[in-house]
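Residue numbers (the numbering used here): 479 to 1252.
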């Protein structure tokens, strides 16, 4: 949820409990966001501001010369062991903590230029050399920089002569974005009904893999480091998303430029730095520590409000209320009403119900669900936004919220400016149900590892005008992927349109199944049927999104669950004596549902009894559910111990533990159990690290059986695992096996990531290389 820090939440809870009954009853009756914000604002006193200052001190974003030296020394240590990625990131930390035009700043830039040179990022190296010189790099060291500058230019000339691209994927240069773009595929329209609200239907056939929607985030906020995080021994894990991604466009970089006034905000280039400052950071910067303490949702709500501005809010507020009246009055039956989808490439029409990336209407019109928030939750949001508004008042008046003639002037803020706080509170309430996690694949950068491990991580929270209209299904018919950074693209859902400059975050929604006309386009809000049981999914959806899910997956799972209970099935478990499936003992009284401990909520099974028995009558073997749970916990502990050893390059010890855990697991778990997949994947990783490709591939194929059983044969998880199998065959020189796997991998990755994704491009390069060897 990205709510405020726990210390502030406790203070607000204390304030709520100490309120008199008359006050709480009065607050509970408020349903208008303006009145709710005003009430919260009336409760903020100087003591609250002082106490919050004490809380936000631990999130300090002040420059620190002492930390500059510390980070530069850590960068030097990484540089000596030739870990140039870690070195560059440490130097970037030093850059962010250094003051403007100081020797410390120039030294960090100079050192980082060396790391970038050895990474083969020559253009970025040249930029850092210039930045170092501009910051006042000591004159007696200029010769060193000039020599590196000449070496960079020579390397770039060699690349140009050989007509080769920079293979290390340098940070794309930022370019001015002309306008936010959203592309709606032909044959897709927005409809309205009282039951579903605004939703999107197909009006034409759509094939699996076809793009149905591309939407650009109206705003996004990078997810900051949690202050209780501890560093591991692996250098690649010492850096968080805030250290790796631009705080404006979210692109990855090793050569950030900092905000000149705070140590937190960093950007992939001067263009993003300038855009962020002009758009919102000049007002966010003075309260940076407060925003980190407030949490991502409060920060994002404020950023949306700052970007919209006073005039836009007034206009949209008026038009939205008119639209609601028109929609309700025109509603005559249970059939959905078609709404218009505005084309952002044309001038804005008179329709108030158009939706596209640069339309604030699409954001404002999302429901805040005021009545569904509990009174204590509404109180927390109101007091939090009121406090943030008070903090913001200490700085200059935002340009987009200044009245005519007041732009850029410093206070005093007029009473009517409370609309800014009210609007931000509305957005904060909306974000509970409409915020979208932006994810990216993080590859563990380990030298000498041919098949690298990767996992999907959450890097930011964003709000998308059109994506927010998609309703939920626990088994969605779409797959989404994100593009970050600024670059020129041609829309996949309308190839006839010219290339356009895009900035920030773009989401691409593809059909994951064949769709027919009239079918609703559905997106998963998080609880997926392959990762969570139906009752848990429904609980979480009701708790956060205020609806009871009755999708086809929930109906199927609940029906099958009752059937399985009747048939006494115990998925993934087998008899240790004869290998037949286990079933629950029907002779005992029903017990509460048990959850498999192997994968937390990702793997669940139901046991209505406290014992299991073999399904083969003549065997008669039984085992208690407590023993099953203990065995699963033991397997998990062994797996964690093996990973701990792998991270320390103690592969023989790790392999010994994995073999032991697998042998024990084989006695009670079927090959489709998720924990079997994890054990096999870890074993394959060890063999791949030691160059034993055939053994690695054989174990990875075992993990693929479990992955397919859990996530399905058309899942992105299966595609990623098959991609690793193709890499193993490729590295092992088995051309035929690799080429036999690649078509299936290509299909799955194209379906979920798009034909132009980095993974698909790498796969195609691998295929071309293999075909050349035949």
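Where a beta carbon is used, it is the ideal one built from N, C-alpha and C, also for glycine.
Provide the residue span of the alpha helix (DSSP H) that contains residue i, from first to last.
i: residue 1242; result: 1236-1251
i: residue 1229; result: 1213-1231
i: residue 591; result: 581-596
i: residue 546; result: 543-558
i: residue 853; result: 853-870
i: residue 1054; result: No alpha helix (DSSP H) contains residue 1054, which DSSP labels as neither H nor E.
i: residue 958; result: Where residue 958 is concerned, there is no enclosing alpha helix (DSSP H), although the beta strand (DSSP E) it sits in stretches over 956-962.
i: residue 765; result: No alpha helix (DSSP H) holds residue 765; DSSP gives it neither H nor E.
By Cβ distance, which residues of its chain are closer than 6 Å to residue i, with the 5 residues on each side in sequence left out?
i: residue 1101; result: 1090
i: residue 1244; result: 1208
i: residue 1216; result: 1204, 1207, 1208 and 1248
i: residue 570; result: 734
i: residue 864; result: 518, 519 and 522
i: residue 1162; result: 1174, 1177 and 1178
i: residue 1051; result: 1060
i: residue 1194; result: 1230
i: residue 1133; result: 1164
i: residue 484; result: none
i: residue 1080; result: No answer about residue 1080 holds up, because its pLDDT of 39 lies below 50 and its placement is not dependable.
Classify residue i: buried if its beta carbon has 16 or more other beta carbons within 10 angstroms, exposed otherwise.
i: residue 541; result: buried
i: residue 559; result: exposed
i: residue 1156; result: buried
i: residue 506; result: exposed
i: residue 912; result: buried
i: residue 675; result: exposed
i: residue 751; result: buried
i: residue 741; result: buried
i: residue 692; result: buried
i: residue 1028; result: exposed
i: residue 657; result: Any reading at residue 657 needs caution, since the residue's pLDDT is 44, under 50, leaving its predicted position unreliable; the model's value is listed next. Flag for residue 657 reads exposed.
i: residue 595; result: buried
i: residue 988; result: buried
i: residue 955; result: buried
i: residue 503; result: exposed
i: residue 976; result: Any answer about residue 976 is weak, because its pLDDT of 43 lies below 50 and its placement is not dependable; what the coordinates show is given next. Exposed, since its Cβ has fewer than 16 Cβ neighbours within 10 Å.
i: residue 767; result: buried
i: residue 597; result: buried
i: residue 1167; result: buried
i: residue 957; result: buried
i: residue 602; result: buried
i: residue 561; result: buried
Whose C-beta lies closer than 7 Å to the C-beta of residue i among residues of the same chain, with five residues either side of it excluded?
i: residue 520; result: none
i: residue 1012; result: 1032, 1035, 1036 and 1039
i: residue 738; result: 578
i: residue 1237; result: 1201, 1227 and 1231
i: residue 748; result: 735
i: residue 1259; result: The displayed coordinates of the chain run from 479 to 1252. Any statement about residue 1259 would go beyond what the structure contains.
i: residue 701; result: 719, 774, 936, 937, 938 and 939
Just to check my reading of the structure: residue i and residue j have Cβ atoms closer than 8 Å, yes? What is that Cβ distance to the nearest angstrom?
i: residue 1229; j: residue 990; result: 6 Å
i: residue 919; j: residue 939; result: Actually they are not in contact, since the Cβ atoms of residue 919 and residue 939 sit about 18 Å apart, beyond 8 Å.
i: residue 533; j: residue 486; result: 6 Å
i: residue 797; j: residue 839; result: 7 Å
i: residue 678; j: residue 999; result: 5 Å
i: residue 699; j: residue 778; result: 4 Å
i: residue 695; j: residue 983; result: 4 Å
i: residue 683; j: residue 986; result: Actually they are not in contact, since the Cβ atoms of residue 683 and residue 986 sit about 19 Å apart, beyond 8 Å.
i: residue 1150; j: residue 1187; result: 4 Å
Assuming residue i is part of the beta strand (DSSP E), what are its boundary residues?
i: residue 678; result: 675-680
i: residue 897; result: Segment 896-912 is the alpha helix (DSSP H) holding residue 897; no beta strand (DSSP E) there.
i: residue 733; result: Careful: residue 733 lies outside any beta strand (DSSP E) and carries neither H nor E.
i: residue 615; result: Unbroken run through residue 615: none, as it is neither H nor E.
Does the ligand MG have even one heavy atom less than 8 Å from the beta-carbon of residue i?
i: residue 1210; result: As far as ligands go, the structure on display features none, and thus does not contain the ligand MG.
Taking Cβ positions only, does residue i come closer than 9 Å to chain D?
i: residue 1000; result: In the structure shown, chain D does not exist; there is a single protein chain.
Excluding the five sequence neighbours on either side, which residues of its own chain have a C-beta within less than 8 Å of the C-beta of residue i, listed in chain order?
i: residue 1094; result: 1053, 1056 and 1058
* Asked: Taking three-plus beta-carbon pairs below 8 Å as touching, is the region 942-957 in contact with the region 1001-1017?
  -> yes
* To do: State whether the region 546-555 contacts the region 579-586, with contact taken as three or more CB pairs (one from each stretch) at a distance under 8 Å.
  => The answer is yes - the region 579-586 touches the region 546-555, with three or more Cβ pairs under 8 Å.
* Counting pairs of Cβ atoms below 8 Å between the region 488-501 and the region 775-790, do you hit three or more? -> no
* Asked: Using 8 Å as the threshold, is the region 717-733 in touch with the region 1012-1027, meaning 3 or more CB pairs across them?
  -> They do not touch, by the three-pair rule.
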